[in-house]
Amino acid sequence: MATAILVVPTEQRVGLTTVALGLVHALDREGIPVGFCKPISQPHATDTGPERSTRLARIVTSLNPPEPISVTQTENLLGHDHENVLLEEVIARYEQAAQNASVVVVEGLMDTEEQSYGTPLNAKMARSLDAKIIIVTAPGRDTPRQVADTVEVVARAYGGIRHERMIGCILNLLDAPVDPTGHIRFDFSRAENGYDPSHEAEFRSECARHWPETFKLLGCVPWQRDLIAPRVQDIMHMIDAQALYEGHLDRRVTHVVLGAGTLANSCKELRPGALVIIPGDRDDLLLAVCMAAMSGTHVAAVLLTGGVKPDPRLWKLCGPALDTGLPVLTIAYGAMQSVLYLPYINLEIPLDDRDRMQRAVAAVASHITLDWKEPLLANLEERRLSPPAFQHMLVDRARRASKRVILPEGNEPRTIEAAIICHQRGLARCVLLGDAARMHRLAARRGMSIPPDIEIIDPTQIGQRYIDAMVDLRQHKGLTAGLAEEQLHDPVVLGTVMLQLGEVDGLVSGAVHTTANTIRPALQLIKTAPGVKLVSSVFFMCLPEQVLVYGDCAININPNADELADIAIQSAESAKAFGITPRVAMLSYSTGASGSGSDVEKIKEATRIARERRPDLLIDGPLQYDAAAIKDVAQSKAPDSQVAGRATVFIFPDLNTGNTTYKAVQRSADVISIGPMLQGLRKPVNDLSRGALVEDIVFTIALTAIQAEQATELERAARR
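34 is the number of the first residue of the sequence shown in this note's numbering; add one for each residue after it.
Laid out in C-alpha cells, this is it:
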C-alpha cells in the first residue's frame with residue numbers, strides 16, 4: 034500500500050507546486066515508484082485555463098494525475114456540511130494516483146482570501162490519507178530564527194512538530210529578492226544571483242537548534258534568476274503588449290532595463306536577457322539596442338511605450354537586427370507605468386513552458402536530501418485506514434457490487450432520505466417497503482423527492498409465494514398458512530422472506546424496530562452460515578485517526594469463553610474483509626495477570642481458545658482498553674504484547690460493556706459508527722441503532738451490499 038506525503042505551505046508564494054514536483058523527481062530518480070496528486074484545485078487569480086499543478090505534473094513527468102476537485106464543488110460540499118463526502122472524493126483521487134506507486138506526493142492547499150479553509154482542510158486530508166507531512170516555506174526577509182518559529186507554528190495545525198506524521202521542512206527560494214509585501218520580483222539592482230552559501234549554513238544551524246531530531250531540514254533551495262525568468266511571449270500576454278516584430282518570443286527575460294538616460298548610460302545596461310523599455314520616440318535608443326543585437330548581445334526584447342511606432346525609414350534600418358530574432362513590442366502605457374507594473378507580474382510557470390518547469394523541478398530535486406526515506410519505505414506494508422478512506426472503500430466496493438437491498442422501514446423519514454442518497458451515489462438499488470403516498474409526503478417535508486426508479490413495495494399486498502415459502506421454512510415448527518400470512522404483515526418478516534428467496538441481496542432495518550425484531554426473522558428464516566455456531570455483531574467506529582472494530586455490542590448478552598472466542602475470530606475476519614489489519618484485543622478490567630476473578634478468567638480462557646483455533650491471528654488478552662489502544666500505556670502495562678497499543682479489533686466481555694462503550698464513544702467523540710454488522714448469517718441482514726443518523730444508514734446499506742457480494746463469491750467458490 035502506498036504512503037502519502039502531504040506537502041503543505043507556511044504561506045502563499047513559497048513555490049509549493051515546484052517543490053512538490055521536485056520531490057516527485059527526487060524520489061523517482063532514486064528508483065522509488067512515485068505518484069502525484071493535487072486533490073483540490075486552487076487556481077491563481079489570473080488563471081483562466083486548466084488546473085496548473087496537475088497539468089504541469091503531466092508535462093514534466095510520465096505520470097497522469099487525476100483531475101482535482103473544483104473550487105465550486107469543494108465549497109458547495111463544505112457549505113452544505115458534507116465534509117466527509119469531500120474527503121471521500123479526495124481519497125478517490127489519491128487512490129487513482131497511488132496505482133503502481135509506493136509513495137504519492139500530495140500537494141496541499143494554501144490559505145488565501147478566497148480559500149481561507151486551506152490549513153484546516155490540509156489537516157483533515159493528512160488524517161484521511163494517514164499522510165506524512167513536509168512543510169514548505171520561503172524565508173523572504175525573515176531571519177533563521179523567525180523561519181524556525183514560523184514552521185513550528187504551522188506544524189501545530191497538524192499535531193505539532195514532534196508528531197509522528199512530521200518528516201521535515203523544505204526551505205525554498207533562499208536569498209530571493211523580496212519586496213516588503215513578500216513578492217519576489219525582478220531585481221533592478223543586480224544581474225547575478227544573490228545566493229550566499231553562508232546563509233544556508235545559518236538556517237541549518239538555527240533549525241537544528243530549535244527542532245527535534247525527528248524533524249529535519251530536508252533541503253535549502255536557492256533562488257535562481259534564470260528559473261523565474263519568463264519568456265518574452267509570457268510578459269507580452271500579461272501586459273497586453275502588441276508585437277511589431279515577433280522574432281524569438283521564447284527568449285528569457287532575466288531583468289528589466291529602463292532606457293531613459295543618455296545613450297551612453299543606457300548602453301551600459303544592454304546585457305543578454307534584458308527587456309529594454311524605451312519611450313516610443315527614442316529612435317536613438319532603439320538603434321542602440323539593434324546594434325547591440327547585431328554585435329551578438331542577445332537582448333531579450335524591446336518594449337516601446339506610449340503607443341508610438343517607429344518611422345518606416347528607421348524601421349528599415351532595424352532590419353538586420355530583427356533578422357537576429359530580436360522581438361520588438363509596443364504598449365499604450367507610458368514608460369513609468371510600464372516599469373511600475375512589470376515587477377509584480379505573475380511569475381508562476383505557464384503551462385506551455387516545459388523547459389522552465391523541468392529545470393526548476395530538477396533544481397529543487399538536486400537540493401533535497403532523502404536520508405529520511407528508508408524508515409518511510411520500510412513501513413509501507415500497512416497504512417492506518419482513516420474514516421474517509423474506509424468510507425471511500427465502502428462506497429467504491431458497494432458501487433461495483435450493485436446489489437439490491439431491501440429497507441422494510443420505508444415509512445421512516447431517515448430511511449427514505451438514506452435510500453435517495455444511496456440512489457444518487459449509486460451505492461445500492463434500494464427497495465422500500467411501505468405506503469408510497471406517505472413516503473412521498475415525508476420526502477417532500479425534507480425538501481427531497483423520491484426518484485421514480487427507486488422501487489416501492491406495498492407490504493399489505495402479500496403474494497402467495499411468500500406465504501408458501503414461509504410455511505416451507507417453518508413447517509417443522511407447526512407454522513400454518515394463516516399464521517404465516519399474519520406474520521408477513523410485519524415488513525421486516527416480509528423483507529427477510531424476500532431475501533431468503535433471492536429477490537433481494539440484503540436487508541437493513543432497526544431505525545424504528547428493536548434489534549430482536551430485526552434479527553429474530555433472520556435466525557428463523559435465513560439461518561447461520563455453514564460451520565458457524567452463533568451470530569454476533571461488530572461496529573466500525575470511525576475515529577478521527579483510524580477505523581476500529583468493536584464486537585460484540587448488539588447481540589450476545591453474556592457470552593461464555595467459547596462464544597467469546599468465536600466472536601473474536603468472526604470480528605477479525607470482518608476487519609480483514611474490509612481492509613483493516615486485525616490485531617485483536619480481548620478486553621477486561623485487568624491487563625495480563627494484574628487482576629483476578631471469574632470475569633478475568635473468562636477472558637483468559639477465551640484468548641487461549643481463540644489462539645488455538647486461529648494461530649495465524651494476533652490475539653491477546655486480557656487487556657484494559659487503554660493498554661490495547663494507547664502506545665505509551667501499553668509500554669508500561671504490556672510491553673511484550675504484539676497487540677497492546679496498536680489493537681484494531683476490540684472484543685468486549687459482554688453486551689452491557691460493549692453497547693455502553695460504543696454509544697459513549699459515538700456520542701461523546703461525535704464519530705460515525707457503522708453497524709451493527711451481523712456476522713455468521715448465510716445472507717446479510719444488518720441492524721440499525723434507533724438513534725441512527727441518515728449517514729449511519731447510508732453506510733450500513735453500502736456495507737450490506739458489500740457483504741452480499743462476498744456471500745455471492747463464497748457460494749461460487751463452494752460450487753467449484
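A virtual CB, placed ideally from N, CA and C, is assigned to each residue, including glycine.
Nearest-angstrom Cα separation, counted from residue j out to residue i
i	j	result
glycine 654	valine 633	9 Å
serine 399	aspartate 259	16 Å
valine 93	arginine 387	7 Å
glutamine 266	glutamate 84	21 Å
isoleucine 483	isoleucine 453	6 Å
aspartate 468	valine 530	19 Å
threonine 448	alanine 725	10 Å
leucine 204	proline 360	36 Å
alanine 130	arginine 616	29 Å
leucine 362	cysteine 351	14 Å
threonine 640	alanine 514	47 Å
serine 95	leucine 282	28 Å
valine 397	valine 52	6 Å
methionine 574	histidine 456	24 Å
alanine 35	threonine 357	52 Å
glycine 48	isoleucine 168	12 Å
lysine 609	phenylalanine 236	47 Å
threonine 614	aspartate 229	50 Å
serine 722	asparagine 155	33 Å
arginine 46	proline 66	29 Å
glycine 367	proline 312	7 Å
isoleucine 734	valine 438	7 Å
lysine 637	valine 537	42 Å
valine 755	valine 464	In the structure displayed, the chain extends from 34 to 753; residue 755 sits before or after that span and is not available.
alanine 502	glutamate 518	11 Å
Check whether residue i and residue j have beta carbons under 8 Å apart
i	j	result
phenylalanine 683	leucine 576	no
isoleucine 261	leucine 384	no
asparagine 444	methionine 472	yes
arginine 679	isoleucine 559	no
leucine 39	leucine 206	no
alanine 661	leucine 620	yes
glutamate 742	isoleucine 705	no
alanine 37	alanine 241	no
lysine 71	proline 42	no
proline 441	glycine 535	no
alanine 190	threonine 152	yes
valine 541	methionine 710	no
alanine 754	alanine 333	Here the chain comprises residues numbered 34 to 753, so residue 754 is not present and cannot be evaluated.
Buried versus exposed call for residue i [16 or more other C-beta atoms within 10 Å across all chains shown]
i	result
glutamate 121	buried
lysine 157	buried
valine 138	buried
asparagine 97	exposed
arginine 264	buried
lysine 670	buried
serine 328	exposed
alanine 697	exposed
valine 186	exposed
proline 485	exposed
leucine 736	buried
glutamate 63	exposed
serine 701	exposed
alanine 755	The structure shown has nothing for residue 755, since the chain only spans 34 to 753.
Nearest candidate by alpha-carbon position, reference residue i, set the options
i	options	result
leucine 355	Thr330, Ser95, Ala365, Thr170	Thr330
leucine 291	Ile495, Val254, His281, Glu302	Glu302
lysine 406	Gln497, Thr247, Arg195	Thr247
alanine 321	Arg647, Trp348, Ala234	Trp348
serine 754	Ala461, Ala451, Pro421, Val428	In the structure as shown, the chain begins at 34 and stops at 753. Residue 754 is therefore absent and cannot be evaluated.
cysteine 253	Arg160, Ser135, Leu56	Leu56
alanine 618	Tyr658, Glu645, Asp649, Asn593	Tyr658
asparagine 692	Gly708, Thr681, Pro672, Ala677	Gly708
leucine 747	Pro177, Pro563, Ser604	Pro563
Chain B contact for residue i (CB, 8 Å cutoff)
i	result
glutamate 239	Given the protein chain composition of this structure (a single chain), no chain B is represented.
Any non-hydrogen atom of the ligand HEM within 7 Å of residue i CB
i	result
glycine 201	This structure simply doesn't include the ligand HEM, nor any ligand for that matter.
At which residue ranges does the region 544-610 contain complete alpha helix (DSSP H) runs of 4 or more residues, listed in the order of the chain? Here the runs fully enclosed are 548-554, 594-610.
Considering only residues of the region 299-347, which uninterrupted beta strand (DSSP E) runs meet the minimum length of 3 residues and lie entirely inside it, listed in chain order? The qualifying runs are 307-312, 334-338.
List in chain order: all unbroken beta strand (DSSP E) runs of 3+ residues lying wholly within the region 495-552. Residue ranges of uninterrupted beta strand (DSSP E) with 3 or more members, entirely inside the region 495-552 and ordered along the chain, are 539-542.
Would you mind listing the beta strand (DSSP E) stretches within the region 656-713 that are 3+ residues and don't spill past its ends, in chain order? Unbroken beta strand (DSSP E) runs of no fewer than 3 residues, entirely contained in the region 656-713, are found at 682-684, 705-712, following chain order.
In the region 222-289, which residue ranges form an unbroken beta strand (DSSP E) of at least 3 residues, counting only runs that do not cross its ends? If we require 3 residues or more, the beta strand (DSSP E) runs fully inside the region 222-289 come out as 249-255, 275-278.
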